[in-house]
């Protein structure tokens with residue numbers, strides 16, 4: 001049961017950050033026999049699913065490193081990552097009681113949403129700064145974080161679940177501050193643009 005919970009948490013958390021990489025890793029590890037996925041997730045190990053996930057992983061890898069475009073990518077994927085996290089979390093529990101699957105889907109969607117909002121908020125704040133290198137560095141760090149996190153979820157479940165508790169506590173503290181920072185950044189940018197426009201008209 002612990003392994004199933006860790007799988008559900010790992011898939012939903014990873015979906016909120018890098019959905020396609022998460023699906024790719026789970027599928028490849030299952031295909032190679034390193035892990036066993038429940039029947040409800042057996043499609044992830046299909047060569048077709050692995051192939052499509054691989055192409056989308058490369059696409060996301062590149063798109064996520066383009067300043068401003070990464071925030072557009074995140075905005076679109078708000079409607080993809082969170083439902084996917086819910087579906088994968090429920091699938092990780094196999095043919096469990098419907099009530100338990102419903103709870104798993106709700107929890108998975110919440111975890112995916114929390115990870116997604118933390119990522120999107122951080123990247124939006126970075127995009128408002130004048131220094132572009134941090135965008136690429138942050139994106140690369142996220143790639144490594146998801147890869148390492150999925151390894152822990154699949155092979156060291158107890159440690160991963162403990163870390164997830166810490167992540168949720170940190171996210172609960174950080175998300176309101178991220179939101180205020182993004183709001184302040186947009187207000188500052190708008191004020192700067194208005195003042196420049198006013199000066200240009202005056203000149």
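In the UniProt record's numbering, the protein residues as written are 1 to 203.
C-beta: ideal position from N, C-alpha, C; glycine also.
Residue from the options whose Cα sits closest to the Cα of residue i
i, options, result
"residue 68", "120, 100, 157 and 7", "120"
"residue 47", "39, 30 and 135", "30"
"residue 81", "124, 127 and 105", "105"
"residue 125", "34, 149, 112 and 180", "180"
"residue 93", "71, 142, 11 and 138", "11"
"residue 123", "66, 176 and 49", "66"
"residue 37", "16, 1, 70 and 55", "1"
"residue 9", "18, 140, 146 and 153", "153"
"residue 138", "41, 168, 56 and 64", "64"
"residue 40", "141, 159, 87 and 107", "87"
Nearest-angstrom Cα separation, counted from residue j out to residue i
i, j, result
"residue 4", "residue 151", "14 Å"
"residue 59", "residue 85", "20 Å"
"residue 35", "residue 51", "19 Å"
"residue 239", "residue 174", "In the structure as shown, the chain begins at 1 and stops at 203. Residue 239 is therefore absent and cannot be evaluated."
"residue 13", "residue 157", "14 Å"
"residue 90", "residue 32", "23 Å"
"residue 76", "residue 116", "11 Å"
"residue 161", "residue 111", "12 Å"
"residue 101", "residue 168", "21 Å"
"residue 78", "residue 165", "23 Å"
Residues near residue i by beta carbon distance below 6 Å, same chain, minus five either side
i, result
"residue 26", "44"
"residue 74", "120"
"residue 70", "64 and 123"
Contacting residues, own chain, Cβ-Cβ under 7 Å from residue i (five flanking each side not counted)
i, result
"residue 53", "20, 23, 24 and 27"
"residue 159", "152"
"residue 107", "89"
Starting from the N-terminal side, write out each stretch of the alpha helix (DSSP H) that is 4 residues or longer and does not extend beyond the segment 85-134.
-> If one requires a minimum length of 4 residues, the alpha helix (DSSP H) runs lying completely within the segment 85-134 are 98-127, in chain order.
Inside the segment 131-156 only - alpha helix (DSSP H) runs reaching at least 4 residues = Correct list: 133-155.
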